[in-house]
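S.K.:
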Amino acid sequence: MKPKEWVKNLRVYEPGRPIEEVARELGFDDIDAIVKVASNENELGPSPMAIEAMQKSLAEMHRYPDGGAFYLKQKLAEKLDVAPEQLLFGCGSNELIVFLGHVFLESGTNLIMGAEAFSVYFLVAAMYQAETIRVPMPEHVHDLDAMLRAITPETRLVAVCNPNNPTGTMVSPEAMDRFIEQLPDHVIAIIDEAYFELMPEEQKPDVLKHIRAGRKNVIALRTFSKAYGLAGLRIGYAVGHPELIGLLNKVRQPFNVSTMAQIAALAALDDTAHLAQTRAMVEQGIRFFEEELAAIGVKTVPTGANFILAETGRGREIFQELQKRQVIVRPVDPYGLPNHVRISIGTPAQNRKVMDALKEILA
Ligand SMILES: Cc1ncc(COP(=O)(O)O)c(C=O)c1O
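First residue of the sequence shown? That's 443 in the working numbering, and the numbers climb one at a time after it.
(1) Check Arg756 in the structure and name its three-state DSSP category.
(2) Counting beta carbon pairs with one atom in the stretch 555 to 573 and one in the stretch 501 to 516, are three or more of them shorter than 8 Å?
(3) Smallest Cα separation from Pro507: which of Cys533, Asn607, Leu522 and Gln528?
(4) Got a sec, what are the start and stop residues for the alpha helix (DSSP H) Ile622 sits in?
(5) For Lys766, which residues in the same chain have their Cβ closer than 7 Å to its Cβ, ignoring the five residues on either side in sequence?
(6) May I ask you to check if the CB of Asn793 is nearer than 8 Å to at least one heavy atom of ligand 1?
(7) For Tyr670, tell me which candidate among Leu650, Leu708, Asp634 and Pro642 has the shortest Cα-Cα distance.
(8) Hey, would you say Met579 sits closer than 9 Å to Ala557, going by beta carbons?
(9) Can you tell which of Thr609, Glu733, Gly746 and Lys741 has its C-alpha closest to the C-alpha of Arg721?
(10) Shortest alpha-carbon distance to Thr665 belongs to which of Arg654, Ala710 and Glu644?
(11) For Thr742, does the three-state DSSP call read helix, strand or coil?
(12) State the DSSP-derived secondary structure class of Tyr679, mapped to helix, strand or coil.
(13) Is the distance from the Cβ of Ile630 to the Cβ of Asn604 below 9 Å?
(14) Would you say the beta carbon of Phe666 is closer than 8 Å to some non-hydrogen atom of ligand 1?
(15) Tell me where the alpha helix (DSSP H) around Ala601 begins and ends.
(16) Consider the C-beta atom of Leu663 and the heavy atoms of ligand 1; say whether any pair is separated by less than 8 Å.
(17) Should Pro773 be labelled buried (16 or more other beta-carbon atoms within 10 Å of its own) or exposed?
(18) Give me, in chain order, the residues of the same chain whose beta-carbon lies closer than 8 Å to that of Ile787; leave out the 5 immediate sequence neighbours on both sides.
(19) According to the Cβ coordinates, are Gly688 and Asn536 closer than 9 Å?
(20) State the beta-bridge partners of Thr789 as determined by DSSP.
(21) Can you give me the C-alpha to C-alpha distance between Leu764 and Gly757, rounded to a whole angstrom?
(22) Let me check one thing: in DSSP terms, what residues is Asn552 bridge-paired to?
(23) If you draw a straight line from the C-alpha of Leu804 to the C-alpha of Lys446, how long is it?
(24) Just the C-alpha distance for Pro696 and Gly509, rounded to the nearest angstrom, thanks.
(25) Return yes when at least one heavy atom of ligand 1 lies under 8 Å from the C-beta of Arg409, else no.
(26) When burial is assigned at 16 or more other CB atoms within 10 Å of the CB, is Thr714 buried or exposed?
(27) Alpha carbon to alpha carbon, how far is Asp775 from Asp472? Give it in angstroms, no decimals.
(28) When you compare only the Cα positions, how much space is there between Gln624 and Ala662?
(29) Kindly list the residues whose CB is nearer than 8 Å to the CB of Ala519, restricted to its own chain and excluding five residues on each side of it in sequence; keep chain order.
(30) Under the rule that 16 or more other beta-carbon atoms within 10 Å means buried, what is Arg676, buried or exposed?
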């Protein structure tokens with residue numbers, strides 16, 4: 443075997459631990475008793491309308507998917523007030539990050555990201571042998587002016603996760619507009635809006651208005667994994683200028699998004715009741731954790747997503763102690779946050795179980 447030298451040094455993403463794996467390791471028989479709040483999934487489950495649509499389509503699964511995702515593209519284009527040529531679907535928004543790396547990054551170029559931002563950006567830069575420039579995040583918030591200042595002639599991509607994972611923090615709409623307006627032409631801004639549907643309305647920057655106005659160097663990424671509860675199906679999308687979308691489409695495999703994912707996403711877009719219920723659950727859960735954690739002296743970071751970063755101290759130990767109590771959260775030491783854990787918002791009963799376990803450990 444003669445792998446390329448640089449591949450040997452690549453780091454691997456540490457995902458939230460699967461329930462079955464934790465149950466096997468710790469000898470828990472009752473899998474249903476385990477609360478996994480480690481991957482920012484929607485604990486309400488998929489939209490019932492999506493489930494019904496998927497069930498109806500089962501007998502058609504001998505067919506290849508529509509690689510162009512015609513119906514989904516039409517529907518989403520109308521909803522977002524963009525042209526269908528401005529949309530591209532991926533196997534999760536994750537795959538779209540890989541497409542961006544494929545098209546823009548190589549040795550000698552760099553990608554700029556926040557020091558505490560979603561690590562897939564770093565992993566993709568490494569995969570294409572590009573350098574990553576990490577910009578400090580005061581109070582865990584992206585410093586967009588500092589990110590602009592960090593741009594070099596070799597910069598190809600700047601990633602802004604808004605809200606950011608794992609911190610939950612947001613930049614203001616004004617700061618986002620200023621950032622996009624000042625961006626030099628040789629750099630693409632990736633505005634990663636994986637949690638867009640869950641953000642408080644008044645704090646949502648309008649990134650698409652810049653794209654509608656014809657800006658070529660801004661791309662928004664969104665997903666059906668979070669608010670829409672379809673993480674297992676792997677479907678996300680990019681919105682950008684047709685020229686940029688066309689370039690990304692060139693590196694896409696013909697059938698990258700499954701038929702089932704397209705069918706479920708189409709139905710989920712219609713299920714406004716499920717989305718409203720999800721939003722209400724998340725809002726209520728955030729208030730619950732903010733109040734309960736404050737009451738035991740644990741600081742939290744203001745969040746616009748379906749998770750909350752809690753400063754418990756000894757993050758990795760707390761993660762392990764919680765696992766023994768059938769609760770899986772996410773340690774965030776790989777993000778330079780050894781004193782925090784990230785807790786995804788669940789149902790009220792799940793949130794209660796997480797809090798009771800935390801109280802026991804921190805008492
Ligand atoms: C900021 C951010 N971007 C992208 C993703 C990837 O989501 P998916 O590939 O499931 O669409 C995530 C998932 O955790 C995320 O938090």
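C-beta atoms are modelled at their ideal positions from N, C-alpha and C, and glycine is treated no differently.
Source: prediction; values computed, not measured.
M.R.: Taking the geometry as given:
(1) Here residue 756 is taken as the residue at index 314 of the sequence shown, counted from 1. It is coil, neither helix nor strand.
(2) no
(3) Residue numbering aside, residue 507 sits at position 65 when the sequence shown is read from its first letter. With distances taken between Cα atoms, Pro507 lies closest to Cys533.
(4) Numbered from 1 along the sequence shown, position 180 holds the residue referred to as residue 622. That run of the alpha helix (DSSP H) goes Pro615 to Gln624.
(5) Position 324 of the sequence shown, counted from the first residue, corresponds to residue 766. Taken in chain order, the residues that qualify are Leu468.
(6) Counting from 1 along the sequence shown, the entry for residue 793 is found at position 351. Not so, every heavy atom of ligand 1 lies at least 8 Å from the Cβ.
(7) In the sequence shown, the residue the question calls residue 670 occupies position 228. It is Leu708.
(8) Here residue 579 refers to the residue found at position 137 of the sequence shown. Here residue 557 refers to the residue found at position 115 of the sequence shown. Taking 9 Å as the Cβ cut-off, Met579 and Ala557 qualify as a contacting pair.
(9) Position 279 of the sequence shown, counting from 1, holds the residue named residue 721. Arg721 has its Cα closest to that of Gly746, out of Thr609, Glu733, Gly746 and Lys741.
(10) Working through the sequence shown from its first residue, we reach residue 665 at position 223. That would be Ala710, whose Cα lies nearest to the Cα of Thr665.
(11) Counting from one through the sequence shown, the residue named residue 742 turns up at place 300. Residue state, collapsed to three classes: strand.
(12) As a first step, residue 679 must be located in the sequence shown, where it is residue number 237. Tyr679: strand per DSSP, three-state reduction.
(13) Here residue 630 refers to the residue found at position 188 of the sequence shown. Here residue 604 refers to the residue found at position 162 of the sequence shown. No, the pair does not count as a contact, with Cβ atoms beyond the cut-off.
(14) Counting from one through the sequence shown, the residue named residue 666 turns up at place 224. Checking every heavy atom of ligand 1 against the Cβ of Phe666, one is found closer than 8 Å.
(15) The count along the sequence shown starts at 1 and reaches residue 601 at position 159. Per DSSP, Ala601 belongs to no alpha helix (DSSP H); it is in the beta strand (DSSP E), Thr597 to Cys603.
(16) As a first step, residue 663 is located in the sequence shown; it is residue number 221 there, counting from the start. Indeed, a heavy atom of ligand 1 lies less than 8 Å from the Cβ.
(17) As a position in the sequence shown, residue 773 is number 331, starting the count at 1. Result: buried.
(18) The residue you call residue 787 lines up with position 345 of the sequence shown. Closer than 8 Å at the Cβ level, and outside the excluded window around Ile787, lie Val479, Glu485, Met723, Val724, Gly727, Ile728, Phe731, Asn748, Phe749, Ile750 and Asn793.
(19) By 1-based counting over the sequence shown, the position of residue 688 is 246. By 1-based counting over the sequence shown, the position of residue 536 is 94. Cβ distance not < 9 Å, so Gly688 and Asn536 don't count as in contact.
(20) As a first step, residue 789 is located in the sequence shown; it is residue number 347 there, counting from the start. Thr789 is not bridged to any residue.
(21) One-based indexing of the sequence shown puts residue 764 at position 322. One-based indexing of the sequence shown puts residue 757 at position 315. Approximately 10 Å, taken between the alpha carbons.
(22) Position 110 of the sequence shown, counted from the first residue, corresponds to residue 552. Glu573 and Thr597.
(23) In the sequence shown, the residue the question calls residue 804 occupies position 362. In the sequence shown, the residue the question calls residue 446 occupies position 4. Roughly 47 Å separates the two Cα atoms.
(24) The residue given as residue 696 occupies position 254 in the sequence shown. The residue given as residue 509 occupies position 67 in the sequence shown. Between Pro696 and Gly509, the C-alpha separation is close to 6 Å.
(25) The chain is shown only over 443 to 805; residue 409 falls outside these bounds and no answer can be derived.
(26) Counting from one through the sequence shown, the residue named residue 714 turns up at place 272. Exposed, since its Cβ has fewer than 16 Cβ neighbours within 10 Å.
(27) If you number the sequence shown from 1, residue 472 lands on position 30. If you number the sequence shown from 1, residue 775 lands on position 333. Between Asp472 and Asp775, the C-alpha separation is close to 29 Å.
(28) Here residue 624 refers to the residue found at position 182 of the sequence shown. Here residue 662 refers to the residue found at position 220 of the sequence shown. Distance between the alpha carbons of Gln624 and Ala662: 17 Å.
(29) Start at 1 with the first residue of the sequence shown, and residue 519 comes out as number 77. The residues are Ala525, Pro526, Gln528 and Leu529.
(30) Working through the sequence shown from its first residue, we reach residue 676 at position 234. With 16 or more other Cβ atoms within 10 Å, it is buried.
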